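Accompanying notes for the structure given below.
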Ligand SMILES: CC(C)(COP(=O)(O)OP(=O)(O)OC[C@H]1O[C@@H](n2cnc3c(N)ncnc32)[C@H](O)[C@@H]1OP(=O)(O)O)[C@@H](O)C(=O)NCCC(=O)NCCS
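In the working numbering, the protein residues as written are -2 to 162.
See below:
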C-alpha cells in the first residue's frame, strides 16, 4: 500500500517497511531516539529480523526519498492472539509536528484492524511528555506505571488502545 502526495514541500511516501529499509532505519535510530532511549535502539539486524516476520506490522514515511519516520510493532500469538504491541514509533526532529507520526500510526492501526487485533499495547518513558501526549491524543489510555523500565531512574508507562472494528 502506498500513499503518496506531492506538495510544495516535496514528495511524501507512506508505505510498508521493506527488508531493504533496515540499514536506513538503523541510521535513523540515533537521530530519533536520544538520551535514555539510546540503549534501546534497534540494530539493523533487529530491523531485518522484524521486517521478515509476517507477525510484524511496520510502516515508513519518506520525504524526497529519505526515510524520516517509522512505526513498528507485532501481532501477538498464542494465548495473546487478538492483541498487538507497538514497539517503536519515531520521526526525525526536523519533521515533527507535521502529522507524520499520526499518519504512521493510522496506517499501523488499520493494518492491525485488518489482522483482527483488538487491543494495542505500548510502553513509553514516563518522562516522555510529548510522546505521551501524542499517544493520549490518539486514544491510548494509561494502564499502569512500570518502574525503572528504561534505566534505574527512568520508569515507563504501559498504555493501551482498544481498536474498534
Ligand atoms: C512522539 C513523536 C513520534 C511524535 O511525532 P510527530 O510526527 O511530531 O507527531 P504528529 O505531528 O503526528 O503529532 C500529532 C499530535 O500529537 C500530539 N503531539 C505530538 N508531539 C507532541 C509533543 N512533543 N508535545 C505535545 N503534543 C504532541 C499533538 O496533539 C499533535 O497534534 P498537533 O501538532 O496538531 O498539536 C515524535 O516526537 C518522536 O519521534 N519522538 C521521539 C521518539 C519517541 O519518543 N517515540 C515514542 C516512544 S516509542
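We put the CB at the ideal spot given by N, CA and C, even for glycine. Keep in mind that this is a model prediction, so the values were computed, not measured.
In the DSSP output, which residue or residues are listed as bridge partners for residue i?
i	result
residue 48	Paired residues: none, contrary to the question.
residue 122	153
residue 138	157
residue 67	57 and 87
residue 116	80 and 159
Could you check whether residue j and residue i sit closer than 8 Å to each other, using their CB atoms as the reference points?
i	j	result
residue 162	residue 154	no
residue 78	residue 120	no
residue 58	residue 9	yes
residue 139	residue 106	no
residue 72	residue 114	yes
residue 28	residue 89	yes
residue 61	residue 7	yes
residue 104	residue 22	no
residue 91	residue 48	no
residue 98	residue 131	yes
Using only CA atoms, which one of the options lies nearest to residue i?
i	options	result
residue 168	146, 46, 30 and 104	With the chain represented from -2 up to 162, any question about residue 168 goes unanswered, as that position is not in the structure.
residue 111	88, 138, 81 and 136	81
residue 52	83, 24 and 67	83
residue 56	62, 16, 68 and 19	68
residue 181	139, 99 and 20	The chain is shown from -2 up to 162; residue 181 falls before or after that span and cannot be answered.
residue 126	107, 152, 117 and 17	152
residue 25	122, 48 and 66	66
residue 136	148, 150, 149 and 156	156
residue 169	33, 70, 39 and 35	A question about residue 169 goes unanswered here, because the residues of the chain that appear run from -2 up to 162.
residue 33	74, 50, 158 and 122	122
residue 134	17, 148 and 158	158
Quick one: give me the first and last residue of the beta strand (DSSP E) that residue i is part of.
i	result
residue 75	From DSSP, residue 75 is part of no beta strand (DSSP E); its letter is neither H nor E.
Determine the extent of the alpha helix (DSSP H) in which residue i is found, giving its start and end residues.
i	result
residue 179	Absent from the model: residue 179. The displayed extent of the chain is -2 to 162, so no value can be given.
residue 27	19 to 29
residue 97	97 to 111
Is the closest heavy atom of ligand 1 to the C-beta of residue i under 7 Å?
i	result
residue 134	yes
residue 130	yes
residue 65	no
residue 110	no
residue 13	no
residue 81	no
residue 32	no
residue 86	yes
residue 42	no
residue 97	yes
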